[in-house]
Amino acid sequence: MTSQYTKSKDRLPRRTRNSWVWFHRFGSPSYFYRMASRWGPRTGWCAFILMIIGLYMGLFIAPPDYQMGDSYRIIYIHVPTAWMSLSVYVLMAISAAIGLIWRMKVAFCVSRSCAPIGAAFTFCALITGSLWGKPTWGTYWIWDARLTSELVLFFLFMGYMALDRAILDRKTASQATAVLSLVGLVNIPIIHYSVEWWNTLHQGSTVIRMDGPSIDTRMLVPLLITTVSMNLYFVSVLFYRVRCELLDLERRTQWVKEVIHD
Amino acid sequence: MKAQRKARMLIVAMVLIGVSISAVLTLLSLNENINLFYSPSQVYAGEIPPDTSIRIGGMVVKGSVDRDSDSLKVKFDLTDTAKVVTVVYTGILPDLFREGQGIVVSGKMKENQFHADQVLAKHDETYMAPEISESIKAAHGQQSIESGYEQ
Chain A
1 MTSQYTKSKD
11 RLPRRTRNSW
21 VWFHRFGSPS
31 YFYRMASRWG
41 PRTGWCAFIL
51 MIIGLYMGLF
61 IAPPDYQMGD
71 SYRIIYIHVP
81 TAWMSLSVYV
91 LMAISAAIGL
101 IWRMKVAFCV
111 SRSCAPIGAA
121 FTFCALITGS
131 LWGKPTWGTY
141 WIWDARLTSE
151 LVLFFLFMGY
161 MALDRAILDR
171 KTASQATAVL
181 SLVGLVNIPI
191 IHYSVEWWNT
201 LHQGSTVIRM
211 DGPSIDTRML
221 VPLLITTVSM
231 NLYFVSVLFY
241 RVRCELLDLE
251 RRTQWVKEVI
261 HD
Chain B
1001 MKAQRKARML
1011 IVAMVLIGVS
1021 ISAVLTLLSL
1031 NENINLFYSP
1041 SQVYAGEIPP
1051 DTSIRIGGMV
1061 VKGSVDRDSD
1071 SLKVKFDLTD
1081 TAKVVTVVYT
1091 GILPDLFREG
1101 QGIVVSGKMK
1111 ENQFHADQVL
1121 AKHDETYMAP
1131 EISESIKAAH
1141 GQQSIESGYE
1151 Q
């Protein structure tokens, strides 16, 4: 995939290398494209292998819960997707801010590639939580602070995508969605602390708490493995999406022509 | 160029600060309405308007569950360790409903009894293997550790 042209263009002379060069290098579409092509498949395979290990450990080796029995095992999907929904949103907003401040096109590409993936994670978290809620709580849905704020997050992702597609001019669309994602950023701490600030039906944090995780280690290890796997899966899918975005954005440039001819 | 970038950074920071402040003010003023349930103490303090449907959260008092022998009617006491509210309910209880468990009931207060139309079990943040739960129980002299409700 790579060519002599793109390689020579991105290699910077030694004397210009300083602490911020790595940052500006990510701003080069051809450099980012090459990096994403290299790491997309690798992270994808790692995610696949870790997910199989994590799910096997979670579903077959970890002991049942003393109260819920086996139904708690949905946390091996529910918790990682819920965490991902938050971190994907934060990444989407940060890269949008970088795009706004440094006028970096690659950052906008990353930001708009995050939206559908984040929406999918949020959707999975809501659905799996609802399926767990019926046998445990006795209801599929309740309008408590945690569930409602997570639903708002889903609408933020959907709103981002709708706004992005509604504006035809690429630059205007990027700036409008960047502002939307920055405004929506306030929802992230609300989701995380909702179970502490108000009384809710959703339980408090199990893993991230001051006095250490209140979960059996044999249950925690598979959860951490599926979480790492979900992160790698996200990176992999993000890189595939960003590559498509970059090819479309730079379709008239020489490096894209070379990539396509290779 | 550099000054422009700084100005843009300032605008982004201002947007974030402005939105945060307005969110904090909104949430503070809505505070009572965001809470999912009242506690039995709040019910006794007269904070609940009469004849409105509300939710009460608390722990089922041990030994208070009284099931009707030929219907789905059940009566139990709900406490926040300070005050006790008696709840009557007709219907199927969730799997996690048990004595000492944190639950949320919705319904209306009528003649010092709470007539519930929905009973939800609140799960706590502790995940434990059954054998460990058993050994803790044994160590505490058959005392139940199922305390899902904290206030």
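First to last, the sequence lines map onto chains A and B.
Residue numbering for the first sequence follows my numbering, starting at 1 and increasing by one per position.
Residue numbering for the second sequence follows my numbering, starting at 1001 and increasing by one per position.
Glycine residues also receive a C-beta, built at the ideal position from the N, C-alpha and C atoms.
Quick caveat, the model's predicted, so the values are computed rather than measured.
Any 3 or more C-beta pairs closer than 8 Å across the segment 234-242 of chain A and the segment 57-68 of chain A:
no
Helix, strand or coil at A/MET51 according to DSSP, with G and I counted as helix
Within the first sequence, residue 51 of chain A is the residue found at index 51, counting from 1. The answer is helix: DSSP assigns A/MET51 an H, G or I state.
Using a C-beta to C-beta distance shorter than 8 Å, which residues of chain B count as neighbours of A/TYR72?
By one-based count along the first sequence, residue 72 of chain A stands at place 72. Within chain B, the residues near A/TYR72 are TYR1127.
DSSP beta-bridge partners of B/LEU1120:
As a first step, residue 1120 of chain B must be located in the second sequence, where it is residue number 120. In DSSP, B/LEU1120 forms a bridge with B/VAL1104.
Does B/ARG1008 come within less than 8 Å of chain A when only Cβ atoms are used?
Against the second sequence, residue 1008 of chain B aligns to sequence position 8. Closer than 8 Å: yes.
Could you pull the start and end residues of the beta strand (DSSP E) that B/ILE1056 belongs to?
The residue labelled residue 1056 of chain B in the question sits at position 56 within the second sequence. Run containing B/ILE1056: 1054-1060, per the beta strand (DSSP E) assignment.
Spatial distance of A/MET230 from A/THR177 (CA atoms):
Position 230 of the first sequence, counted from the first residue, corresponds to residue 230 of chain A. Position 177 of the first sequence, counted from the first residue, corresponds to residue 177 of chain A. Rounded to whole angstroms, A/MET230 to A/THR177 spans 25 Å at the Cα level.
A/ILE215 by DSSP, collapsed to three states: which one?
As a position in the first sequence, residue 215 of chain A is number 215, starting the count at 1. It is a strand residue.
Rounded to whole angstroms, what's the CA-CA distance from A/GLY69 to A/GLN203? Just pull it up for me.
Counted from its first residue, the first sequence places residue 69 of chain A at position 69. Counted from its first residue, the first sequence places residue 203 of chain A at position 203. Going by the C-alpha atoms only, they are around 17 Å apart.
What residues in the segment 153-185 of chain A bring their beta carbon closer than 8 Å to a beta carbon of chain B?
VAL179, LEU182, VAL183, LEU185
Taking A/SER71 as the reference, which of B/ASP1095, B/PHE1076, B/LEU1025 has the closest Cα?
Counting from one through the first sequence, the residue named residue 71 of chain A turns up at place 71. Taking only the C-alpha atoms, the option nearest A/SER71 is B/ASP1095.
Pairs of beta-carbons, one from the segment 205-214 of chain A and one from the segment 102-110 of chain A, closer than 8 Å: are there three or more?
no
Compile a chain-ordered list of the residues in the segment 1048-1060 of chain B whose CB is closer than 7 Å to at least one CB of chain A.
GLY1057
Below 7 Å on C-beta distance, what does A/THR206 contact in chain B?
Locating residue 206 of chain A in the first sequence gives position 206, counting from the first residue. GLU1125, TYR1127, listed in chain order.
Is the distance from the Cβ of B/LEU1036 to the Cβ of A/ASN199 below 8 Å?
Position 36 of the second sequence, counted from the start, is the residue given in the question as residue 1036 of chain B. Position 199 of the first sequence, counted from the start, is the residue given in the question as residue 199 of chain A. It is a contact, given that the beta carbons lie within the stated cut-off.
C-alpha distance - B/ILE1136 paired with A/TYR76, whole-angstrom precision
For the purposes of this step, residue 1136 of chain B is taken as residue 136 along the second sequence, with counting starting at 1. For the purposes of this step, residue 76 of chain A is taken as residue 76 along the first sequence, with counting starting at 1. Using only the alpha carbons, I get a separation of about 26 Å.
A/MET84 versus A/ILE191: straight-line alpha-carbon distance, rounded
The sequence position of residue 84 of chain A within the first sequence is 84, counting from 1. The sequence position of residue 191 of chain A within the first sequence is 191, counting from 1. If you take the alpha carbons of A/MET84 and A/ILE191, they lie about 13 Å apart.
Give me the subset of the segment 1079-1102 of chain B whose CB atoms are less than 7 Å from a CB atom of chain A, sorted by chain position.
PRO1094, ASP1095, LEU1096
Please compile the residues from chain A whose C-beta is within a distance smaller than 7 Å of the C-beta of B/SER1135.
To locate residue 1135 of chain B, count along the second sequence from 1; it is residue 135. Result: empty, since nearest Cβ-Cβ is about 11 Å, beyond 7 Å.
Count the other CB atoms, across all protein chains shown, that sit within 10 Å of the CB of B/ASP1068; report buried if there are 16 or more and exposed otherwise.
In the second sequence, residue 1068 of chain B corresponds to position 68, counting from 1. Flag for B/ASP1068 reads exposed.
When burial is assigned at 16 or more other CB atoms within 10 Å of the CB, is A/CYS114 buried or exposed?
Walking along the first sequence from the start, residue 114 of chain A turns up at place 114. The residue is buried, with at least 16 neighbouring Cβ atoms inside 10 Å.
Determine, for A/LEU91, whether the minimum Cβ-Cβ distance to residues of chain B falls below 8 Å.
Position 91 of the first sequence holds residue 91 of chain A. It does not: the Cβ of A/LEU91 has no partner Cβ on chain B nearer than 8 Å.
According to DSSP, is A/LEU201 part of a helix, a strand, or is it coil?
The sequence position of residue 201 of chain A within the first sequence is 201, counting from 1. Correct three-state label for A/LEU201: coil.
Buried or exposed for A/LEU246, going by 16 or more other Cβ atoms inside 10 Å?
Against the first sequence, residue 246 of chain A aligns to sequence position 246. Burial call: buried.
Quick one: using the 10 Å Cβ neighbour count with 16 as the cut-off for buried, is B/GLN1142 buried or exposed?
Indexing the second sequence from 1 puts residue 1142 of chain B at position 142. Reliability of the predicted coordinates at B/GLN1142 is poor, the pLDDT of 48 falling under 50, and the value obtained from them is presented with this limitation in mind. Looking at its Cβ environment, which holds fewer than 16 other Cβ atoms inside 10 Å, B/GLN1142 is exposed.
Should B/ILE1017 be flagged as near chain A, meaning a C-beta pair shorter than 8 Å?
As a position in the second sequence, residue 1017 of chain B is number 17, starting the count at 1. No, because no Cβ of chain A sits closer than 8 Å to the Cβ of B/ILE1017.
Would you call the segment 1104-1121 of chain B and the segment 1079-1093 of chain B in contact, with 3 or more CB pairs under 8 Å?
yes
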